[in-house]
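Worksheet: the structure to be examined is printed underneath.
Residue numbers (this note's numbering): 2 to 469.
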């Protein structure tokens, strides 16, 4: 929906700089999962944030761990000895070089922390419009609010919040803080997609307003001394689909089939659920026979999409979808989706098990191409000009590319790659070779699932998961 009519500033920015048209998210295509991939350069199998909600008996005893809850993130990281995220994050890598990360988010409280969860100990800047009380440094946050006035009340579409966030960046972060890296996270168009629907008038107004605020940032760069020395990368963390009218009722269906369902597994509970349109099912004691029984029941349901398990018996595997982490659900699941248009003509519809969003609203999490496809464009003197690339790229590539521009050595655990094909300084790097692989599996009652991936060197990107 990034068209010249709706978003003239963003589209002209992409035309003047570099546009990566084959950008991909990681699975699940949920926000905090992809935020963790953004700041680590890794898939969930390595950074450990395997869903917006997941089971970790240390981080959150007796219940699902909710990454959208800022308080749970703080407590979970404390319980885990600072290892909520298994690998170093961007803020830590910058701090080792004497550099600073500033993050400014109008998204969820948990998402704001996920982008910069160690800001307190690293001396960074983190401002969450939802949680100014959990933002740091306190004196700087108080100065922002004194200068700009109170944070507006949240609304949908969240136009005032985008303006306030942009004002904070232009009037405080750049002149007062001047970080080496700043992440400015807009909650729109995501909020209006979810609650108003893709292509609704509220959503279109949010897209226009987001573009207008981005235009202010471009005007500031053009008129300031920093000019093209400021590298601007624009990205989204996922796409969206339209929610089908009826929830599938997964918990009730499992119970009718004879399985017990609860908040966590154990004490007679067979399964705990962590999904809206995708995510997974945790199984008591990771019992292989129980896993097999639930997988076979799932595969007989009309709404069942690709299913993943660690062992891959009659299913795709966690390793294939880059989710093979100890926290991952025993059964990974994406509900069925298709290309059917919504009432506004926007293609893509998904089955769901959500109570959070209205029918006709938007949702993401699964493996439809419209969920995995995301936006990436950049400009600045480190990037090529007027360059359009169709080489596969992903959210895992942003951290190594940023480190390369800053002259920082890229840690060996990083799974993404430097996007040399869009950089000015690409001497010695030829056009990347792309390989494609499709994994297939067959289950019961004629169930068949496929997963398509692309790889550039060792960096792999999910293209599509589907059933037939």
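Every residue gets a Cβ at the ideal spot worked out from N, C-alpha and C, and that includes glycine.
Next on the checklist: Does the CB of residue 170 have a neighbour CB from chain C at under 8 Å?
Outcome noted: Although the question refers to chain C, the structure presented lacks it and comprises just one protein chain.
Checklist entry - Once you ignore the five residues that flank residue 119 on each side, which residues in its own chain have a CB closer than 7 Å to its CB? => result The answer, listed in chain order, is 90, 92 and 93.
Item to check | Given residue 444 as reference, the closest of 413, 307 and 149 once Cα atoms are compared | outcome: Comparing Cα positions, the closest option is 307.
Next on the checklist: Suppose you measure from the CA of residue 131 to the CA of residue 289; what does that come to, to the nearest Å?
Outcome noted: The alpha-carbon atoms of residue 131 and residue 289 are separated by roughly 42 Å.
Checklist entry - Whole alpha helix (DSSP H) runs in the stretch 371-417 with 4 or more residues, listed along the chain? => result With a minimum length of 4 residues, the unbroken runs of alpha helix (DSSP H) contained wholly in the stretch 371-417 fall at 399-407.
Next on the checklist: Please state the DSSP three-state secondary structure of residue 95.
Outcome noted: DSSP places residue 95 in helix when its eight states are reduced to three.
Checklist entry - Between residue 223 and residue 217, what straight-line distance do the alpha-carbon atoms span, to the nearest angstrom? => result About 10 Å.
Next on the checklist: What would DSSP say about residue 118, mapped onto helix, strand or coil?
Outcome noted: Coil.
Checklist entry - Among residues of its own chain, excluding the 5 on either side of residue 351, which ones have a beta-carbon nearer than 7 Å to its beta-carbon? => result Excluding sequence neighbours, residue 351 sits near 242, 244, 245, 278, 336, 338, 364, 367 and 369.
Checklist entry - Looking only at its own chain, which residues have a Cβ that is under 8 Å from the Cβ of residue 12, when we skip the five neighbours before and after it? => result Residues 3, 4 and 5 of the same chain have their beta carbon placed closer than 8 Å to that of residue 12, with the five preceding and five following residues left out of the count.
Next on the checklist: Strictly by DSSP, which residues pair up with residue 353?
Outcome noted: For residue 353, which the question treats as bridged, DSSP gives the partners 248.
Checklist entry - Residues bridged to residue 443 by DSSP? => result Answer by DSSP bridge pairing, in chain order: 449.
Item to check | Contact belief for residue 169 with residue 128 at Cβ below 8 Å, rounded distance in angstroms | outcome: Between residue 169 and residue 128 the beta-carbon gap is near 6 Å, inside 8 Å, which marks them as a contact.
Checklist entry - Straight-line CA distance for residue 251 to residue 24? => result Going from the Cα of residue 251 to the Cα of residue 24 covers about 32 Å.
Checklist entry - Under the three-state reduction of DSSP, which class applies to residue 273: helix, strand or coil? => result Note: residue 273 maps to strand in three-state DSSP.
Item to check | Bridge partners - residue 305, DSSP secondary structure assignment | outcome: In the DSSP assignment, residue 305 forms a beta bridge with 336.
Next on the checklist: Once the 5 residues before and after residue 391 are set aside, which same chain residues still bring their CB inside 6 Å of it?
Outcome noted: Hits under 6 Å: 22 and 23.
Checklist entry - What residue does the alpha helix (DSSP H) around residue 221 start on, and which one ends it? => result Following the DSSP letters along the chain, one finds residue 221 inside the alpha helix (DSSP H) bounded by residues 202-224.
Item to check | Residue span of the alpha helix (DSSP H) that contains residue 469, given as start and end | outcome: Neither: residue 469 is in no alpha helix (DSSP H) and is coded neither H nor E.
Next on the checklist: Short of 7 Å in beta carbon distance, which residues of its chain neighbour residue 17, apart from the five on each side in sequence? Order them along the chain.
Outcome noted: Hits under 7 Å: 380, 386 and 387.
Next on the checklist: Can you tell me whether residue 36 is helix, strand or coil according to DSSP?
Outcome noted: In the structure shown, residue 36 adopts helical secondary structure according to DSSP, grouped into three states.
Checklist entry - So, are the CB atoms of residue 326 and residue 51 less than 8 Å apart? => result Closer than 8 Å, so yes.
Checklist entry - Using the C-alpha atoms, what's the distance from residue 359 back to residue 383? => result In this structure, the alpha-carbon of residue 383 lies about 43 Å from that of residue 359.
Checklist entry - If you run the structure through DSSP and keep just helix, strand and coil, what is residue 54? => result Here residue 54 sits in strand by DSSP.
Checklist entry - Counting Cβ pairs closer than 8 Å, one from the stretch 143-156 and one from the stretch 197-204, do we hit at least three? => result Between the stretch 143-156 and the stretch 197-204 there are fewer than three C-beta pairs closer than 8 Å, too few to call the two in contact.
Checklist entry - What three-state label does DSSP hand residue 172 in the structure shown? => result Correct three-state label for residue 172: helix.
Checklist entry - Leaving out the 5 sequence neighbours to the left and right, which residues in its chain are closer than 6 Å to residue 221 when beta-carbon positions are compared? => result Excluding five sequence positions before and after residue 221, the CB atoms of its chain that fall closer than 6 Å to its own CB belong to 171, given in chain order.
Next on the checklist: Tell me the rounded alpha-carbon separation between residue 298 and residue 160.
Outcome noted: Rounded to whole angstroms, residue 298 to residue 160 spans 45 Å at the Cα level.
Next on the checklist: Could you pull the DSSP bridge partners for residue 65 from this structure?
Outcome noted: Per DSSP, none; premise fails for residue 65.
Next on the checklist: Quick check on residue 176: buried or exposed, where buried means 16 or more other Cβ atoms within 10 Å of its Cβ?
Outcome noted: Exposed is the call here.
Item to check | Beta-bridge partners of residue 179, as assigned by DSSP | outcome: In DSSP, residue 179 forms no bridge with anything.
Checklist entry - Which whole-angstrom value is the C-beta distance of residue 65 and residue 273, which I expect to be below 8 Å? => result Residue 65 to residue 273, Cβ: 7 Å. Contact.
Item to check | Residue from 146, 232 and 267 whose Cα sits closest to the Cα of residue 62 | outcome: Nearest C-alpha to residue 62: 267.
Checklist entry - Is residue 86 helix, strand or coil by DSSP? => result Residue 86 falls in the coil class under three-state DSSP.
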